[in-house]
Amino acid sequence: MKLYNSLTRKKEEFTPLRDKAVGMYVCGPTVYDVGHLGHARSAVAFDLIRRYLVYRGYDVTFVSNITDVEDKMIKRAQLEGITEAQLAEKIIPEYAADYGALNVLPPDHQPRATQYIDQMVELIEQLLKKEIAYVADDGVYFRVDRSPTYGALSGQKLEELQSGARVEVDEKKENPLDFALWKKHKPGEPSWKGPAGMEGRPGWHIECSAMSTEILGETFDIHGGGIDLIFPHHEDEIAQAEMATGKPFARYWLHNGHIRVDSEKMSKSLGNFFTIKDILKKYHPAVVRYFLLSTHYRMPIDFSDELLEQAKNGLERIRGFARQLDSYKPDSAVGGTYCESIAEQEEAFRTAMDDDLNISAALAAIAEFIRSLNGAMSKGLLSEEEVRCARETFKRFDSVLGLLDILDSASSASAAELSDDEVQALLDERLTARASKDYARSDQLRDELNNKGIIIEDTSDGTSWKRAL
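Taking our numbering, the leading residue of the sequence shown gets 15, the next gets one more, and so forth.
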């Protein structure tokens, strides 16, 4: 299995530190406001990576943090007249609900920054002891020029950063590029006793270094996040962690692409964002998840209703196949060679995903799997053994994609009000009305079913129905 490592800018064979055990840390949200589709993109991308690692037999310890102390948190809390802790308690459940709706598996560990202040202070004290950090009037800073590899992740040289830095002169700092490890207390801000006895709060970058190493160890396998975090956040994480411990930090750095609207990154600061809740009001969670995962995780996604409709149509085909396979009744116990072709299609899926999660090729393999089996089922060619092979393989595919659970459990709030038997009873009544030429009643029943999320399709072969996405 190969993964694209942002640190080396090439695909590398994935070899974890401890055989089949994988430690994985992904930067989570700053919980000052509800999540937008860009947050969902990152969550779904790394959920896909995590699920595929599990599919390949790895025991994954997945850590994703919550930033609950940071400049944006302080400003929003002051604006709302509440504490930062109260703001976090309000927003964190919103993220959990949104990610849960998208079938993003919960982290094994979800540390909050405010729970790891002691570890942050300890890390900063190590840097002070080594004179890699220094105390200034307004905080504690990291000496960037003491890190020999600074700029390696972002592909920038320190001298170029220094000459090109458009930074306001700050006489408190030795170097304009030096970044804050600890910020001195200001009135109205949360504070803790920090390094060198300074009351204050941690800088953003030290939070992730402290939380990840405390839970996963000083060196771990995978660190992930959005591509916008490469510099300065992840660059600074590497510098402070490696200079404090003297050991390599994360071995593989993975970054997901942005959601774009009109060729610009979707973000709250630009005001061109859609909240996850807004999108879920318009589209089924499975459609949104499929839309987000069907583009390679490193590539940007251009947001549009047209693309979401395409995702909806693709998902309809998957759901239709799942239902047909589930209800298929074979005529014989042992059949022909379909188990062999099914195994070949799963191998094609695995080969694609082993190539830095080539999702397009993987979905093409699943599409071929569906196409061939649809043809076989329509002709009644599958045996019990082949149906078992097909169902088990399809289940493994979905353990990676994570679509069927939300299709089954939340096809829609309105559709869930009617059981299959209730739908069939209304269809039978409609058939009777049509037979007696009571078209007004027939149309009324059709509208009633449609309002309940049931789509009716009248063909020359009869009437069929499905639940809307």
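Ideal placement from N, C-alpha and C gives every residue a C-beta, glycine not left out.
- Scanning the region 209–265 from its first residue to its last, the whole alpha helix (DSSP H) runs of 4-plus residues come out as 218–230, 249–259.
- S78 carries a strand assignment under DSSP once its states are collapsed to helix, strand and coil.
- Fully contained in the region 135–180 are the following alpha helix (DSSP H) runs of length 4 or more, in chain order: 172–178.
- A straight-line Cα-Cα distance of about 19 angstroms links G37 and I220.
- DSSP lists E26 as the beta-bridge partner residues of L17.
- DSSP links N270 through a beta bridge to G240.
- Looking at the backbone, the Cα of A264 and that of T473 are separated by about 58 angstroms.
- In the DSSP annotation of this structure, the continuous segment of the beta strand (DSSP E) that includes T473 starts and ends at 468–473.
- Cα atoms of Q458 and L395: separation of roughly 40 angstroms, rounded to the nearest angstrom.
- Distance between I236 and E136, taken at the CA atoms: about 23 angstroms.
- Within the region 332–382, there are no complete beta strand (DSSP E) runs of at least 3 residues.
- In this structure the region 57–64 does not lie against the region 81–94, because fewer than three pairs of beta carbons, one per stretch, are closer than 8 angstroms.
- Distances from the CA of L377 to each of R337, L329, M257, K143 were compared; the closest alpha carbon is that of L329.
- Taken through DSSP and simplified to helix, strand or coil, I384 comes out as helix.
- Considering only T407, H247, T44, K198, the residue with the shortest C-alpha distance to A99 is T44.
- Scanning its chain for C-beta atoms nearer than 7 angstroms, with the 5 sequence neighbours on each side dropped, one finds around M313 the residues G271, in chain order.
- F288 is the residue among F288, K207, R460 whose C-alpha sits nearest the C-alpha of H50.
- With fewer than three CB-CB distances shorter than 8 angstroms, the region 381–398 does not count as touching the region 432–445.
- Taking all protein chains shown into account, R481 has 16 or more neighbouring C-beta atoms within 10 Å of its C-beta and is therefore buried.
- Counting every other CB atom within 10 Å of its CB across the protein chains shown gives A110 a total below 16, marking it as exposed.
- The three-state secondary structure of G95, taken from DSSP, is coil.
- Counting along the chain, R481 sits inside the beta strand (DSSP E) bounded by residues 476–481.
- Spatial neighbours of M257 in its own chain (CB-CB distance under 6 angstroms, excluding positions within 5 residues in sequence) are listed in chain order as I146, S161.
- Counting C-beta atoms within 10 angstroms of its own C-beta, G52 has 16 or more neighbours from the protein chains shown and is therefore classed as buried.
- For I229 against P121, the beta-carbon gap comes to about 10 angstroms, at or over 8 angstroms, which does not count as contact.
- In this model, S392 and S20 are separated by some 47 angstroms (Cα to Cα).
- Across the set N465, L483, A439, A454, the C-alpha of A439 shows the shortest separation from the C-alpha of T477.
- Taken in chain order, the unbroken stretches of alpha helix (DSSP H) that lie wholly in the region 278–316 and span 4 residues or more are 290–296, 299–307.
- Counting C-beta pairs with one atom in each stretch, the region 319–335 and the region 69–88 have fewer than three that are closer than 8 angstroms, which means they do not touch.
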